[in-house]
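*Asks:* Below: one structure in structure tokens.
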């Protein structure tokens with residue numbers, strides 16, 4: 005090829021098709037397809053495990069958020085598709101490694117409470133930081149935790165929010181949609197009392213405490229503040245449910 009000849013457009017794939025976020029979406033897509041795409045699931049797991057840590061360092065805030073949301077949901081579903089009995093011992097299921105990313109074995113707890121919540125103690129109601137986060141978590145955790153992640157993470161339980169494939173370009177609006185949808189579906193108002201998802205109790209500090217919870221419910225149009233004087237928290241349904249995908253969510257990378 006001479007210097008005057010153009011470079012073929014197919015010489016290399018666009019960076020958006022091979023970057024960490026695209027890989028995380030492929031993993032999610034293959035997980036949704038189940039056993040029909042086991043080879044794709046395995047290939048995606050291998051790609052995640054072999055990711056260069058520098059590529060994770062280079063992720064912008066929205067890319068990082070989308071990547072780890074997809075990894076959590078795909079890894080949880082993948083683990084339960086492989087062995088549903090793992091959900092019988094939930095403490096172990098959350099605390100033991102389920103996926104390798106950039107050579108690091110990670111548990112769901114490490115991804116949720118370490119990376120996405122900015123190193124918060126799991127049982128601290130959102131008020132107690134975890135000073136013992138691993139070096140990997142400290143390196144790759146989000147800079148500004150976003151309370152809306154609680155409406156986007158699905159561990160396989162029936163009361164979990166639905167799964168959606170996130171992209172950096174639309175993650176903000178998609179998280180708003182996820183929050184509104186989950187809160188509307190899971191909130192019941194009766195006689196001046198709003199019965200809200202238990203997630204709001206477990207992580208109340210992430211939402212700004214009682215006043216923050218009321219503000220969020222009001223801003224998403226879930227309750228009429230003039231008609232609700234009390235908030236109560238619903239029981240969580242831990243029944244296993246592996247098909248909770250939002251309409252239009254196929255995890256496609258493009």
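Numbering (the working numbering), first residue to last: 5 to 258. Glycine included, C-beta positions come from ideal geometry on N, C-alpha and C.
#1: Starting from the Cα of residue 102, find the closest Cα among 139, 29, 63 and 77 and give me that residue.
#2: So what does DSSP say about residue 157, is it helix, strand or coil?
#3: Should residue 113 and residue 126 be called a contact, given that it needs their Cβ atoms to be closer than 8 Å?
#4: DSSP three-state label for residue 228, please.
#5: Let me confirm a value: residue 243 is counted as buried when at least 16 other C-beta atoms fall within 10 Å, else exposed. Which label applies?
#6: Let me check one thing: in DSSP terms, what residues is residue 197 bridge-paired to?
#7: Just the Cα atoms here: how many angstroms apart are residue 205 and residue 141?
#8: On the criterion of 16 or more Cβ atoms from any shown chain inside 10 Å, does residue 55 qualify as buried, or is it exposed?
#9: Of the choices 120, 58, 62 and 72, whose alpha-carbon is the least far from that of residue 31?
#10: For the stretch 55-110, which segments carrying the beta strand (DSSP E) assignment without a break, of at least 3 residues, lie completely within its bounds, in sequence order?
*Replies:* If we stick to the structure as given:
#1: 77
#2: coil
#3: yes
#4: coil
#5: exposed
#6: 194 and 234
#7: 25 Å
#8: buried
#9: 72
#10: 101-105
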